[in-house]
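Working notes, beginning with the structure itself.
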Amino acid sequence: MVSQVADHAQVIRQPGNDDSRLVSLTRKIQSADPIAFYQSGEGMFQGKRFYWENPSGQLIMAGLGFVENIHITGEAQRFQRIRDNWSDIVSGVNRIGVTGIEATGPVLFGGFSFESEDNGMNLWQAFGNGCFYLPEFLLTVVEGCSYLTLNVCCPKSSSPDAVLTEKERLAADLLRKKASNSPSSGPFYPDHIEKQDMAVWSFMVNKALQNIMTGSIDKVVLARTVQLHYDQKPKSERVLNRLRKEQCGNYIFCQESGQDYFIGATPERLIRKKGDKLYSTCLAGSAARGKNAEEDRELGRKLLHDQKNRKEHQYVVSMIREVFQNLCSSVAIPEKPILLKNRDVQHLYTPACGRCRRDVSLFDLVSRLHPTPALGGLPRTAAVQWIRENETERRGLYGSPIGWCDAEGNGEFAVGIRSGLVKPKKAILYAGCGIVKDSVPETEYRETQMKFRPMMSGLGVSSFGTC
């Protein structure tokens, strides 16, 4: 069913109709492998799968198929549209079986585009300005326990038993399949790699610096792309396997839509909501990891005391503190950052937590926080407009909120960095860095090279030199 809901905005929900009802059955099951479950849907559910794993590995989800697909193609109030449509869906659900376990039962998964006026719809058309799924089959592993959720649309006039019985048979078949060793084996050889010329990058940085010097913006985050061209698209299972092994301590995510998928390993939480408790991450300021422990400590020490990086970091802390103070009864944010170390990059990191008002939803929080100065700049509106007018590639879901929300309003969104869009004939990888008045084009270019490494390695590119 397609309904026109606002100026240039469509919400596509399928396959439900007014004569059907949504039934959600959740059972606790024996230990199951989410990657194997995800891989088992390669044929039947190709283009309709998602995967999510939090940094601790204590929450993993794999979804197959969908009974609802909310797809925003316009610019009008997209966060509110997803919030309201999810509220409508949840209000009509008949829940059976296990309840009270977060990320089980009806769970909506998906992401928003970086900006509402995203003109790159030819590249990101499959995802639009917001693309969310309520899966048909959902495997959730939370704190080592496995739960299977079946979501089905049934006629209001009949019992759901027959439909659920058939779905349970299919789920049992999917769960019996074992993960193949082949997805993670062997290098990946793109036909050629296309990257932005250093001269073009320097021109962009210097143009941004001119705007900073005139006072129209204080900071802007520039992104560039590397494009890998190939004849055979790398399977998402393969990339997920590599990212899980190589990027421990990050959010590992993948969302398919048609023939495309968006995938990444991001260190950055945007917002986590559990009851009235909120958690966010102030993450800005980056340095490479050292070749040995001594060099790594020295690079970290320099990062902690680097004036430019500390200034960038403080922009993010101040913005998140302001949002939390407006929406929370209590807020706790440390005065000084610490280091967050991933395999390829280390960051300045300050955690933020608070207790929010009862009338504040997860999607309200996403709307208020995105984009933070770590991905957009300051002032927000002016920086995003500058990005829109000057970057040649539309960001789509890069640098954008991606995550999940359950029927109780609990959920989590990460920021889709260290990521890429994989299409049938090419993959577009993204990396960005913050430009402030002390920025040097060559230094910022090297920072983006460092930030391409996780996805280049995740794709299995055997030798990619410097991007």
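Residues 1 to 467 in full-length UniProt numbering are what the sequence shown spells out, letter by letter.
No residue lacks a Cβ here, since even glycine has one placed at the ideal position from N, Cα and C.
Boundaries (first-last residue) of the beta strand (DSSP E) holding F137:
From DSSP, the beta strand (DSSP E) with F137 extends over 137-142.
What whole-angstrom Cβ distance do residue 481 and F109 have, given they're in contact under 8 Å?
Coverage of the chain is limited to positions 1 through 467, which leaves residue 481 absent and any answer about it impossible.
Should the segment 390-408 be called in touch with the segment 237-250, which here means at least 3 C-beta pairs below 8 Å?
no
Cα-Cα separation, E246 to G264
12 Å
For S184, count the other beta carbons within 10 Å of its own beta carbon; 16 or more makes it buried, fewer makes it exposed. Which is it?
Reliability of the predicted coordinates at S184 is poor, the pLDDT of 49 falling under 50, and no value is obtained from them.
Going by other Cβ atoms of all chains shown within 10 Å of its Cβ, with 16 needed for buried, is H305 buried or exposed?
exposed
Three-state class that DSSP yields for P34 in the structure shown
helix
Can you grab the Cα-Cα spacing for the pair A248 / P267, in whole Å?
First, the residue type needs correcting, since residue 248 is Cys and not Ala in the sequence shown. About 10 Å.
Pick helix, strand or coil for N151, following the three-state DSSP scheme.
Strand at N151.
Which listed residue (I212, C353, V200) has its alpha carbon closest to that of W271:
Before going further, note that residue 271 is Ile rather than Trp in the sequence given. With distances taken between Cα atoms, I271 lies closest to C353.
Taking DSSP as the reference, what is the three-state secondary structure of P183?
Its pLDDT being 48, under 50, P183 is placed unreliably in this model, and the value from its coordinates should be taken loosely. Three-state result, P183: helix.
Short check: CB of G74 to CB of N151, under 8 Å?
no
Beta carbon of A374 nearer than 8 Å to that of V316
yes
Is it right to say P454 is buried, meaning 16 or more other beta carbons lie within 10 angstroms of its own, or is it exposed?
Under this definition P454 is a buried residue.
Are L340 and L303 touching if we call contact CB-CB under 8 Å?
no
So for V436, helix, strand or coil by DSSP?
coil
When the Cα atoms are used, what is the spatial distance from K219 to H313?
11 Å
Using C-beta distances below 8 Å, list every residue in its chain close to L299, excluding the 5 sequence neighbours before and after it, in chain order.
A287, A288, R289, G290, Q346
Residue burial classification, T381 (beta-carbon count within 10 angstroms, cutoff 16)
Around the Cβ of T381, a 10 Å sphere holds fewer than 16 other Cβ atoms; the residue is exposed.
Any idea which residues DSSP pairs C405 with across the strands?
Per DSSP, the beta-bridge partners of C405 are L108, G411.
Give me the Cβ distance between A103 and L59, rounded to the nearest whole Å; I'm assuming they're in contact under 8 Å.
6 Å
Where the alpha helix (DSSP H) through A171 begins and ends
Where A171 is concerned, the enclosing alpha helix (DSSP H) starts and stops at 161-176.
Taking N94 as part of the beta strand (DSSP E), name the residues at either end of that continuous run.
Note, N94: beta strand (DSSP E), 93-97.
Roughly how many angstroms lie between the CA atoms of V415 and K437, to the nearest whole one?
25 Å
DSSP bridge partner residues for A352 (one or two, in chain order)
According to DSSP, residue pairing for A352 in a beta bridge involves S280.
Going by C-alpha distance, which of V221, E68, R418 is nearest N342?
Answer by Cα proximity: R418.
Across the segment 137-149 and the segment 77-88, are there enough close Cβ pairs to call them in contact, namely three or more that are closer than 8 Å?
Verdict: no, contact absent.
In angstroms, rounded to a whole number, what distance separates the CA positions of C467 and T443?
14 Å
Taking 8 Å as the cut-off, decide whether the C-beta atoms of G396 and L421 are in contact.
Between G396 and L421, the C-beta spacing is below 8 Å.
What's the C-alpha gap between I193 and Q46?
27 Å
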